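Residue numbers (the working numbering), protein chains in the order written: chain A, 43 to 301; chain B, 92 to 355.
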């Protein structure tokens, strides 16, 4: 009994280094920000928050972030859903190859991705000049809202495909055959059986994509978040959904720049 | 799953090829641009050359940034392994109930975006007894927090798969001490899962930009910061940079996938 108790104390001691590092690099900075957000010239209070939510500048930034996250997630999930379903229907060699490729491109984010798009679609990008010459481009610019949504959608697609791919296992082929035998059309099958079965997965993935796009971007760059931390081989478990949710909501960043 | 044939099959094939094409296009374009002598307003570049790669790989600033990125990432992963392995072992072997608490705790690095953390970090460690801003040490610490949720989950899955308690009991019945059992029996069993977690963590730490830019910037330039600072130089040179970066990450993820497949 005595030795096992000592063992437990020793075990607790092993947790100490982790706790120290975690406090220094995660808890302390967060606590500093949280405490200072409540302090202003007039003492403790919510003055900073009311300032932020009364400021047109911050509200506009917030709204733009929301807009870009929303549209890129929406386009991303539509393309990913179509893609993931078709991936289930092609032969396994093509399927394995494209899934592996999606897995790899999901690491293609952040500054390098922004660069690739600037090089191709920037002011003097090769594609920009080419498309302009053909008169196809109109007034599209990568440095605009549409441009940002385009880049964001690009990095949402592989993530969406990887997360949705396992979900289509749930839509069983014999259901489709049964539905067809009972006289349902393709559309009716998807409307009443397919989509309801997929709904939780679609919703979960959509939330994750939102969170993925909602992360802050480096200043002055049309750039997606630098890291996307997820496990490519895992299906969207509750853990990821929760993490996505927590990352999405407590998030009006501007106030931390109050200084 | 069986492949569909006929008209439906053709449609699905088309969609998959289209998906592949969409994902490929920016990469292929950048690759072509990095190999082009010049490319403007024509369908294809006017000539092919390796000179941009030669220029890139003989640029001392690039090589320094590459090396520094490697150092920071490897350092951060070493630190993570040293801190997370004992933690996981203790949690799962001695205090299984702590796991639920840890699962909430490791959400923090997700929930707090790097920009927010950076504000606090800059204030706390900008000066005073723990002045670390501008040195690689602060990056190593921050990268540990980024890798934490991912490594914790990946290794937990692994621990659950190997039946930690039975393994420990068996080793102890045969006369091993707790320490010996952990090091000689449990650790080798985790090797492969750990490698996969490390490689994948490495590939996203290698792409980290916000912390590197805000906390350290040019004082200890990592690859991403260098890339950002070079944004006004030649597009061909930058393309070579992007492709080199991506090729490196590609090899890492490919190895990780290979290991992952062997495992199952």
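Ideal Cβ positions, reconstructed from N, Cα and C, are used throughout, including at glycine. A quick note: this is a predicted structure, and the numbers were derived from the prediction, not measured.
Thinking just about the alpha-carbon of each residue, which of the options is nearest to the one in residue i?
{"i": "residue 288 of chain B", "options": "B:237, B:257, B:105 and B:267", "result": "B:237"}
{"i": "residue 293 of chain B", "options": "B:345, B:224, B:211 and B:191", "result": "B:345"}
{"i": "residue 272 of chain B", "options": "B:337, B:233, B:285 and B:255", "result": "B:255"}
{"i": "residue 221 of chain B", "options": "A:56, A:63 and A:53", "result": "A:63"}
{"i": "residue 250 of chain A", "options": "A:150, A:114, A:166 and A:89", "result": "A:114"}
{"i": "residue 61 of chain A", "options": "B:217, B:193 and B:157", "result": "B:193"}
{"i": "residue 107 of chain B", "options": "A:226, A:232 and A:207", "result": "A:207"}
{"i": "residue 164 of chain A", "options": "A:150, A:188 and A:151", "result": "A:188"}
{"i": "residue 166 of chain A", "options": "B:348, B:343, B:323 and B:342", "result": "B:323"}
{"i": "residue 223 of chain B", "options": "B:305, B:175, B:128 and B:130", "result": "B:305"}
{"i": "residue 343 of chain B", "options": "B:295, B:159 and B:300", "result": "B:295"}
{"i": "residue 194 of chain A", "options": "B:117, B:111 and B:163", "result": "B:117"}
{"i": "residue 152 of chain A", "options": "A:48, A:46 and A:255", "result": "A:255"}
{"i": "residue 240 of chain B", "options": "B:119, B:158 and B:172", "result": "B:172"}
{"i": "residue 300 of chain B", "options": "B:163, B:129 and B:262", "result": "B:163"}
{"i": "residue 192 of chain A", "options": "A:224, A:134, A:110 and A:104", "result": "A:110"}
{"i": "residue 121 of chain B", "options": "B:212, B:136, B:199 and B:215", "result": "B:136"}
{"i": "residue 248 of chain A", "options": "A:123, A:224 and A:134", "result": "A:123"}
Using the Cα positions of residue i and residue j, report the straight-line distance between them to the nearest angstrom.
{"i": "residue 68 of chain A", "j": "residue 99 of chain A", "result": "29 Å"}
{"i": "residue 184 of chain B", "j": "residue 258 of chain B", "result": "11 Å"}
{"i": "residue 98 of chain B", "j": "residue 249 of chain B", "result": "43 Å"}
{"i": "residue 356 of chain B", "j": "residue 112 of chain A", "result": "Summary: the structure shown does not reach residue 356 of chain B, with chain B confined to residues 92 through 355, and so no result is reported for it."}
{"i": "residue 272 of chain A", "j": "residue 245 of chain B", "result": "Low local confidence applies: a pLDDT of 31 at residue 272 of chain A is under 50, so the model's placement there is unreliable, and no value is given."}
{"i": "residue 154 of chain B", "j": "residue 335 of chain B", "result": "12 Å"}
{"i": "residue 296 of chain A", "j": "residue 94 of chain A", "result": "With a pLDDT of 26 at residue 296 of chain A, under the threshold of 50, the modelled position of that residue is not reliable, and no figure is offered here."}
{"i": "residue 213 of chain A", "j": "residue 240 of chain A", "result": "8 Å"}
{"i": "residue 280 of chain B", "j": "residue 123 of chain B", "result": "44 Å"}
{"i": "residue 267 of chain B", "j": "residue 275 of chain B", "result": "9 Å"}
{"i": "residue 191 of chain B", "j": "residue 178 of chain B", "result": "14 Å"}
{"i": "residue 80 of chain A", "j": "residue 210 of chain B", "result": "15 Å"}
{"i": "residue 338 of chain B", "j": "residue 230 of chain A", "result": "45 Å"}
{"i": "residue 147 of chain B", "j": "residue 125 of chain B", "result": "11 Å"}
{"i": "residue 251 of chain B", "j": "residue 59 of chain A", "result": "24 Å"}
{"i": "residue 56 of chain A", "j": "residue 247 of chain B", "result": "17 Å"}
{"i": "residue 132 of chain A", "j": "residue 205 of chain B", "result": "40 Å"}
{"i": "residue 145 of chain A", "j": "residue 208 of chain B", "result": "29 Å"}
{"i": "residue 234 of chain B", "j": "residue 290 of chain B", "result": "14 Å"}
{"i": "residue 114 of chain B", "j": "residue 147 of chain A", "result": "7 Å"}
{"i": "residue 107 of chain A", "j": "residue 157 of chain B", "result": "32 Å"}
{"i": "residue 74 of chain A", "j": "residue 154 of chain A", "result": "32 Å"}
{"i": "residue 348 of chain B", "j": "residue 286 of chain B", "result": "11 Å"}
{"i": "residue 253 of chain B", "j": "residue 46 of chain A", "result": "24 Å"}
{"i": "residue 127 of chain B", "j": "residue 138 of chain B", "result": "6 Å"}
In this structure, what does DSSP give as the bridge partners for residue i?
{"i": "residue 82 of chain A", "result": "A:85"}
{"i": "residue 127 of chain B", "result": "B:139"}
Helix, strand or coil for residue i? Go by DSSP, reduced to three states.
{"i": "residue 139 of chain B", "result": "strand"}
{"i": "residue 176 of chain A", "result": "coil"}
{"i": "residue 95 of chain A", "result": "helix"}
{"i": "residue 275 of chain A", "result": "In this prediction, residue 275 of chain A has a pLDDT of 29, which is less than 50 and means its spatial position is unreliable; what the coordinates show is noted afterwards. Looking at residue 275 of chain A - three-state DSSP - the assignment turns out to be coil, as it is neither helix nor strand."}
{"i": "residue 242 of chain B", "result": "helix"}
{"i": "residue 185 of chain B", "result": "coil"}
{"i": "residue 261 of chain B", "result": "helix"}
{"i": "residue 243 of chain A", "result": "helix"}
{"i": "residue 185 of chain A", "result": "coil"}
{"i": "residue 133 of chain A", "result": "coil"}
{"i": "residue 300 of chain B", "result": "coil"}
{"i": "residue 321 of chain B", "result": "coil"}
{"i": "residue 128 of chain A", "result": "helix"}
{"i": "residue 64 of chain A", "result": "helix"}
{"i": "residue 109 of chain A", "result": "helix"}
{"i": "residue 330 of chain B", "result": "helix"}
{"i": "residue 226 of chain B", "result": "coil"}
{"i": "residue 106 of chain B", "result": "helix"}
* Counting pairs of Cβ atoms below 8 Å between the region 139-150 of chain A and the region 217-230 of chain A, do you hit three or more? -> no
* Are the region 225-244 of chain A and the region 169-188 of chain A in contact at 8 Å, needing three or more beta carbon pairs? -> no
* So, do the region 148-160 of chain A and the region 319-334 of chain B have three or more beta carbon pairs nearer to each other than 8 Å? -> yes
* **Stretch pair the region 140-147 of chain B + the region 167-174 of chain A: three plus CB contacts closer than 8 Å** => no
* Asked: Quick check: the region 215-230 of chain B against the region 78-86 of chain A, are there 3 or more CB pairs under 8 Å?
  -> no
* Does the pairing of the region 124-131 of chain A with the region 103-114 of chain B give three or more beta-carbon distances under 8 Å? -> yes
* Segment contact flag, the region 194-205 of chain A with the region 116-123 of chain A, C-beta cutoff 8 Å, min 3 pairs -> yes
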